[in-house]
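Student: The structure under discussion is supplied below as structure tokens; questions concerning it will follow.
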Amino acid sequence: MSREIVSTDKAPQAIGTYSQAVKVGKTVYLSGQIALIPETMEIVEGGIEEQIHQVFKNLSAVCEAAGGSLQQIAKLNIFLTDLGNFATVNAIMAEYFQQPYPARAAIGVKELPKAVGVEMDGVLELD
């Protein structure tokens with residue numbers, strides 16, 4: 228099976244040795260997204276809520292570039308520097324997803340790139 232690199236200018240460009248996503252068959256592996264604004268490559272202003280919204284916007288753009296949508300994410304991994312923000316993630320996630328929700332993990336980490344409070348990656352299954 229061949230691999231296809233997924234790329235869009237509607238999400239932050241890769242800032243390292245990785246692709247925004249890799250499509251293998253009908254499965255798309257989404258790289259981690261942080262709260263970078265694609266046009267400026269700067270972190271969105273505000274607090275954790277604004278960061279979470281920006282991450283979902285970035286993930287959505289990559290999903291769309293792959294031919295899918297957030298709703299087709301089968302597995303979502305959420306990395307938080309403060310697990311006290313878990314309830315906030317849940318509330319905001321409900322704005323972007325409808326049931327049935329994806330499988331999910333929420334992991335507390337010491338730090339993330341560019342000192343953000345949240346990063347997410349996932350696996351998308353196309354129809």
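Under the working numbering, think of the first position of the sequence shown as 228, with each following residue one higher. All residues carry an ideal CB built from backbone N, CA and C; glycine is no exception. Predicted model, so just to flag it, every value in this text is computed and none were measured.
If you check the beta carbons only, do Pro329 and Ala301 fall under 8 Å apart?
Tutor: yes
Student: Please state whether DSSP places Gly311 in a helix, a strand or coil.
Tutor: Correct three-state label for Gly311: helix.
Student: Tell me where the alpha helix (DSSP H) around Ile261 begins and ends.
Tutor: Careful: Ile261 lies outside any alpha helix (DSSP H) and carries neither H nor E.
Student: Mind checking which residues open and close the alpha helix (DSSP H) that includes Val336?
Tutor: Taken as a continuous stretch (DSSP letters only), Val336 belongs to no alpha helix (DSSP H), as it is neither H nor E.
Student: Can you tell me whether DSSP reads Ala293 as helix, strand or coil?
Tutor: coil
Student: Please report how far the alpha carbon of Ala342 lies from the alpha carbon of Ile270, in whole angstroms.
Tutor: 9 Å
Student: Contact defined as beta carbons within less than 8 Å: I believe Gln260 pairs with Val233. What is the distance between those atoms, to the nearest angstrom?
Tutor: Between Val233 and Gln260 the Cβ distance is about 13 Å, and since that is not below 8 Å, they are no contact.
Student: Since I believe Val289 is in contact with Leu257 (beta carbons under 8 Å), could you give me their beta-carbon distance rounded to a whole number of angstroms?
Tutor: Between Leu257 and Val289 the beta-carbon gap is near 6 Å, inside 8 Å, which marks them as a contact.
Student: Can you have a look at Gly274 and say buried or exposed, based on whether 16 or more other CB atoms are within 10 angstroms of its CB?
Tutor: Sixteen is the threshold: since fewer than 16 other Cβ atoms of the shown chains lie within 10 Å of the Cβ of Gly274, the residue is exposed.
Student: Residue range of the beta strand (DSSP E) that Asp348 falls in?
Tutor: 345-352
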